[in-house]
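Right, one structure below, let's go through it.
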Amino acid sequence: MNPFRRPYTVRTPSSGQYVNGEWQDGAYVESTTYFSVQSIKNTQEIEHLPEGRRIDDYRRLYSDTLLQITSDSALSQPVLIVIGGHNYELTHREPWQNGIIPHYKYYCVRKYDG
Numbered sequence: 046m047n048p049f050r051r052p053y054t055v056r057t058p059s060s061g062q063y064v065n066g067e068w069q070d071g072a073y074v075e076s077t078t079y080f081s082v083q084s085i086k087n088t089q090e091i092e093h094l095p096e097g098r099r100i101d102d103y104r105r106l107y108s109d110t111l112l113q114i115t116s117d118s119a120l121s122q123p124v125l126i127v128i129g130g131h132n133y134e135l136t137h138r139e140p141w142q143n144g145i146i147p148h149y150k151y152y153c154v155r156k157y158d159g
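Residue numbering for the sequence shown follows our numbering, beginning at 46 and increasing consecutively.
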């Protein structure tokens with residue numbers, strides 16, 4: 046295990062379904078995954094994040110675990126990572142499977158309710 050990674054709660058959405066003709070989102074299933082978490086400065090790597098989102102708290106994550114992001118499917122919700130008591134939505138993934146230290150680099154943005 047990588048000594049720079051720490052455990053974080055991961056909330057993975059289950060499949061939704063129609064109930065009496067109305068769509069109901071699936072519940073989130075919680076698990077733990079290890080990440081190295083870094084903040085992103087305002088001028089760094091912003092072009093990778095989607096436009097039209099309220100972006101004022103975003104992070105760069107590194108993990109060995111392949112997780113679902115916003116662009117994986119039009120019908121699926123992304124995984125949420127709990128950092129400092131707040132939910133962060135995974136928005137971008139870059140696979141680094143070079144055979145030396147295979148991992149995934151993610152970008153996430155804090156999800157605000159409302």
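Note that beta-carbon positions come from the ideal geometry of N, C-alpha and C, so glycine has one too.
Burial is judged here by how many other beta carbons sit within 10 angstroms of a residue's own beta carbon; Tyr133 has at least 16 and is buried.
Under DSSP, Phe80 takes part in a beta bridge, and its partners are Arg51. Classified as buried, Leu106 has 16 or more neighbouring CB atoms from the shown chains inside 10 Å of its CB. Excluding the 5 residues flanking it on each side, Asp109 has same chain C-beta neighbours closer than 6 Å at His148, in chain order. Here Tyr157 is exposed: its Cβ has fewer than 16 other Cβ atoms, across all protein chains shown, within 10 Å. Its chain contains Gly61 as the residues whose beta carbon lies nearer than 7 Å to that of Trp68, once the 5 sequence neighbours on both sides are disregarded; these appear in chain order. When DSSP states are grouped into helix, strand and coil, Thr110 belongs to the coil group.
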